[in-house]
Amino acid sequence: MKSVLMVAEKPSLAASLAGILSNGRCTAKRGNNGCSTHEWTGPFRNEGNVHFRMTSVCGHVMSLDFTSKYTSWDKVDPVQLFDCPTEKKECNPKQQMRSFLSHEARGCDYLVLWLDCDKEGENICFEVMDAVQHVIHNVYSTYVTYRAHFSAITDKDIKGAMESLGHPNKNEAKSVDARQELDLRIGCAFTRFQTKFFQGRYGDLDSSLISYGPCQTPTLGFCVKRHDDIQLFKPETFWYLQLVAGQPEVTLEWARGRVFKKNIAIMLLNRVKEHKEATVESVSSKESFRSKPQALNTVELMRICSSGLGIGPFQAMQIAERLYTQGYISYPRTETNQYPENFDLHAVLRLLQPSGDFGDEARAISSDFQTPRKGKDAGDHPPITPMKLGQRNDFDRDTWRVYEFICRHFMGTISRDLKYRTTTAKLKVGLETFTCTANVLLDAGFTKAMTWLAFGKDEAMPPFVQGTQVPITDVRLAESQTGPPDYLTEAELITLMEQHGIGTDASIPVHINNICQRNYVKIETGRKLIPTTLGIVLVHGYQKIDPELVLPTMRSEVERMLTLIAKGSADFNDVLRHAIKIFKLKFVYFVQNIASMDMLFESSFSPLAESGKAHSRCGKCRRYMKYIQTKPARLYCSHCNDNYTLPNGNVKVYREFKCPLDDFGLLAFSTGVKGRSFPFCPYCYNHPPFRDMPKFGGCNTCTHPTCPHSLNTLGISSCVECETGVLVLDSTLSPTWKLGCNRCDVIINCFKGATKITVEENKCSECGAQLVNVVYKSDKSKFKDGSEEKSGCVFCSSEFAHLVEKHRAVASRQVRSGGPSRGGGGAAGPGAGNARGGRHGGRPPKDKMAQLAAYFV
DNA sequence: GCAAGGTC
Numbered sequence: 001m002k003s004v005l006m007v008a009e010k011p012s013l014a015a016s017l018a019g020i021l022s023n024g025r026c027t028a029k030r031g032n033n034g035c036s037t038h039e040w041t042g043p044f045r046n047e048g049n050v051h052f053r054m055t056s057v058c059g060h061v062m063s064l065d066f067t068s069k070y071t072s073w074d075k076v077d078p079v080q081l082f083d084c085p086t087e088k089k090e091c092n093p094k095q096q097m098r099s100f101l102s103h104e105a106r107g108c109d110y111l112v113l114w115l116d117c118d119k120e121g122e123n124i125c126f127e128v129m130d131a132v133q134h135v136i137h138n139v140y141s142t143y144v145t146y147r148a149h150f151s152a153i154t155d156k157d158i159k160g161a162m163e164s165l166g167h168p169n170k171n172e173a174k175s176v177d178a179r180q181e182l183d184l185r186i187g188c189a190f191t192r193f194q195t196k197f198f199q200g201r202y203g204d205l206d207s208s209l210i211s212y213g214p215c216q217t218p219t220l221g222f223c224v225k226r227h228d229d230i231q232l233f234k235p236e237t238f239w240y241l242q243l244v245a246g247q248p249e250v251t252l253e254w255a256r257g258r259v260f261k262k263n264i265a266i267m268l269l270n271r272v273k274e275h276k277e278a279t280v281e282s283v284s285s286k287e288s289f290r291s292k293p294q295a296l297n298t299v300e301l302m303r304i305c306s307s308g309l310g311i312g313p314f315q316a317m318q319i320a321e322r323l324y325t326q327g328y329i330s331y332p333r334t335e336t337n338q339y340p341e342n343f344d345l346h347a348v349l350r351l352l353q354p355s356g357d358f359g360d361e362a363r364a365i366s367s368d369f370q371t372p373r374k375g376k377d378a379g380d381h382p383p384i385t386p387m388k389l390g391q392r393n394d395f396d397r398d399t400w401r402v403y404e405f406i407c408r409h410f411m412g413t414i415s416r417d418l419k420y421r422t423t424t425a426k427l428k429v430g431l432e433t434f435t436c437t438a439n440v441l442l443d444a445g446f447t448k449a450m451t452w453l454a455f456g457k458d459e460a461m462p463p464f465v466q467g468t469q470v471p472i473t474d475v476r477l478a479e480s481q482t483g484p485p486d487y488l489t490e491a492e493l494i495t496l497m498e499q500h501g502i503g504t505d506a507s508i509p510v511h512i513n514n515i516c517q518r519n520y521v522k523i524e525t526g527r528k529l530i531p532t533t534l535g536i537v538l539v540h541g542y543q544k545i546d547p548e549l550v551l552p553t554m555r556s557e558v559e560r561m562l563t564l565i566a567k568g569s570a571d572f573n574d575v576l577r578h579a580i581k582i583f584k585l586k587f588v589y590f591v592q593n594i595a596s597m598d599m600l601f602e603s604s605f606s607p608l609a610e611s612g613k614a615h616s617r618c619g620k621c622r623r624y625m626k627y628i629q630t631k632p633a634r635l636y637c638s639h640c641n642d643n644y645t646l647p648n649g650n651v652k653v654y655r656e657f658k659c660p661l662d663d664f665g666l667l668a669f670s671t672g673v674k675g676r677s678f679p680f681c682p683y684c685y686n687h688p689p690f691r692d693m694p695k696f697g698g699c700n701t702c703t704h705p706t707c708p709h710s711l712n713t714l715g716i717s718s719c720v721e722c723e724t725g726v727l728v729l730d731s732t733l734s735p736t737w738k739l740g741c742n743r744c745d746v747i748i749n750c751f752k753g754a755t756k757i758t759v760e761e762n763k764c765s766e767c768g769a770q771l772v773n774v775v776y777k778s779d780k781s782k783f784k785d786g787s788e789e790k791s792g793c794v795f796c797s798s799e800f801a802h803l804v805e806k807h808r809a810v811a812s813r814q815v816r817s818g819g820p821s822r823g824g825g826g827a828a829g830p831g832a833g834n835a836r837g838g839r840h841g842g843r844p845p846k847d848k849m850a851q852l853a854a855y856f857v
């Protein structure tokens, strides 16, 4: 019997498809990457019965990146990213998707691709074919590999697709390849350049990454555009007439609305005032309705979660994802907002009826069922609907609110429209017309389920009769001002993105999240998006240099070019080369003109030299340097115009100590009493003076022969945990003392309260560690005999045992690992004639003296 | 450390 491998885009879909195609008679086994394989036997084309094996991927198998040579931000000029080589890498190496696919493909004669029917799906088809090409013979032949085209996950559609298999579309797949390459090159080039240009330039610029992207930047652009509209808004004063008449009294609206000239308004007021009565010109009434909602798709779900529930799209989708995996709702990522023809709406309604929260509404709708509205069938997944009844207690608060919304929205879609009657009375006073409207609810319709949309109170109107006269109670002139637009709400932003084709239903929340996390916008009450100074300055900068960089039309223009590839009317390489050329030119122009963006930064942020506080002295000019705390933390010497990177954590001036090599003031780094700490020289930290001292190392890695802070002076023994580390006495926090490994995180607290500890020349005869001399103040001695000073081994001396934390573990470890003989004496060798080589447990740096000599030359 | 697109 022949075998057929079938692959869907996600595990859930593989399960549904297998269920349909096998008529519910398939077996399933779970792979260790989250993808299951379903098997059954059935007829296939003209092969008679075959063995079907249906599995899935998890979205894309591969992703595009630069080759490793081009991943360095320091060594690669970003402009190279437009031409440098790229390579496809497995998206998630842990999943081992390629080997999983080729394993599942073993023994298969045919491949049927059930990827989502969009361009990305078409691209994944080829990723799958590539993964199994060595297993399925002739996989690129049209007699071996087929493509299923389906537009809904229904019995009819799926079986229909199986009957009319086509072939994967190379052009559509290539258009995705082109998109990936363009996004990668453009995004990374601009991001690296901007980041490196502005980083370290302004002290109070709180961002270590200044990103650019063809989707995120226009998204930010929308927010800043609204901000600018608000800033540029000039309020105008207007006037309008208010007429009070009728029994009971009502205030009527002026048909002119508003006038912007006060003298005209006063003139019209005076004309009205000449009359004591108004004439009822007409009273009319008509029925109006508000449409029930369309079936729910992802974008609408995100919009309403944001505007109605105050839950952001990113979180909303996380919640929806969880509800989906727990079986409470259908697949939450879909563009379709129209139920499939044979969708069993009644079944969904029935499952909601027992609910204590909305069961009454569900039962009412079931006896008054209405056909849902038509919408758009994007051919991906059915709309989002409830699948299982959940109770309030099953969820946390927000999850329940999202679930309840989905249920009530579903009921709304099969309810009646809301109906109301509008009555309008038109009154004439001289030549001026005034109107009064009153709305009365006739049928609450879908708002019975969607209670938050409920119609307002019924409005009353005096019994105006056409042709009669009504006494005027009052007429007055009112003054008001036009107001600025409000900041963009998240829901409005989603709509704008959707309209301009910025992102997809799945990526829209990611882009919004990005511009928040990068500190370009902040979300304020009412989920309004307020751009930050950084966001505003960035967008204004693009507008000054090249406005297209921030326009939403950029993306649509690129999409248009990509569609040409997909349609087969343009060559992949031609389009790609053309687009890259344009963007490279834009990039070069941007780099040349970055000064005009920098001017905006300058007026919004403080240049480095003015920010930060005087801290420690520069060894070159002996002036104080500035300490800039915002990440990346650094010292800046404004006189020498040099930056010195600092370790992440607490950095303080270390008394008056100086580095004997370069005269820079020493600093003390710490991450708290229980964390690592060491003294360091800011110059050596960035420019290690010795070959065996690592970059970004402290004095505890420095092999200076005589400096009182060096490894050579303060080293005690080799580390108890790691292979290459040395335990070094740390005095920076005295009277708290500790031994800290200069490689790993081992810390041994000891001799708390001691006033002085020195490392002696001599070694412990038992373990080889350097002996230490410990001094306490006379009245604060911690020694059992009350003495002020003692010398001994931290690990072996019994007088010290109670003053060293973890000393037992340390001692036993020391003994077991061979203590003094471990690499010690031999390596110290003849070069270490002063016997200091053995000081730190016998691991002196090789050829230390030679290196020192080289340095001092 | 970077984009955007799938999906968990």
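According to UniProt numbering, the residues represented by the first sequence are 1 to 857, in order.
Even glycine gets a Cβ: it sits at the ideal position worked out from N, Cα and C.
Strictly by DSSP, which residues pair up with residue i?
i	result
residue 40	52
residue 474	244
residue 62	90
residue 6	54, 112
residue 759	772
residue 715	728
residue 147	113, 166
residue 791	773
Below 7 Å CB to CB, which residues in the same chain sit around residue i once its five sequence neighbours on both sides are set aside?
i	result
residue 60	91, 124, 127
residue 450	408, 409, 412
residue 755	735, 775, 776, 777
residue 810	Interpretation of residue 810 is limited by its pLDDT of 38, a score under 50 that renders its predicted location unreliable; the figure taken from the coordinates is listed afterwards. Answer for residue 810: 720, 748, 795, listed in chain order.
residue 498	299
residue 31	37, 100
residue 9	56, 57, 59, 115, 116, 121, 124
Whose C-alpha, out of the options, is nearest the C-alpha of residue i?
i	options	result
residue 509	320, 684, 110	320
residue 779	161, 481, 788	788
residue 537	371, 498, 599, 26	599
residue 287	417, 354, 216	417
residue 169	72, 742, 113	113
residue 173	225, 118, 205	118
residue 69	585, 660, 87, 53	87
residue 372	295, 226, 387, 442	295
residue 602	533, 579, 575	533
residue 766	797, 750, 786, 151	797
residue 558	581, 545, 352	581
residue 245	85, 275, 421	275
residue 858	216, 471, 433	For residue 858 there is no data in the structure shown, the boundaries of the chain being 1 and 857.
So, under 8 Å CB-CB, residue i and residue j are touching, yes? Tell me the CB distance rounded to an integer number of Å.
i	j	result
residue 281	residue 426	4 Å
residue 249	residue 473	6 Å
residue 334	residue 396	Actually they do not touch by this definition, with Cβ atoms about 25 Å apart.
residue 655	residue 745	Residue 655 to residue 745, Cβ: 26 Å. No contact.
residue 883	residue 303	Residue coverage of the chain in this structure runs from 1 to 857, which leaves residue 883 outside it and unanswerable.
residue 681	residue 662	7 Å
Might you give, ordered along the chain, the residues of its own chain that have their beta carbon closer than 8 Å to the beta carbon of residue i, omitting 5 neighbours on each side?
i	result
residue 452	308
residue 240	254, 256, 257, 258, 259, 265, 477, 478, 480
residue 11	34, 35, 36, 56, 58
residue 4	44, 50, 51, 52, 53, 108, 109, 110, 111, 112
Excluding the 5 residues flanking residue i on each side, which residues of the same chain have their C-beta closer than 6 Å to its C-beta?
i	result
residue 657	666
residue 291	417
residue 205	605
* Runs of alpha helix (DSSP H) lying entirely within the stretch 186-230, each at least 4 residues, in chain order -> none
Would you list, in sequence order, the uninterrupted alpha helix (DSSP H) runs of no fewer than 4 residues that lie entirely inside the stretch 420-503? 490-500
task: Just list the alpha helix (DSSP H) runs in the stretch 262-340, keeping only unbroken ones of 4 residues or longer that don't cross its boundaries, in chain order.
output: 262-273, 298-309, 313-325
Continuous beta strand (DSSP E) assignments of at least 3 residues falling wholly in the stretch 564-623: 613-617
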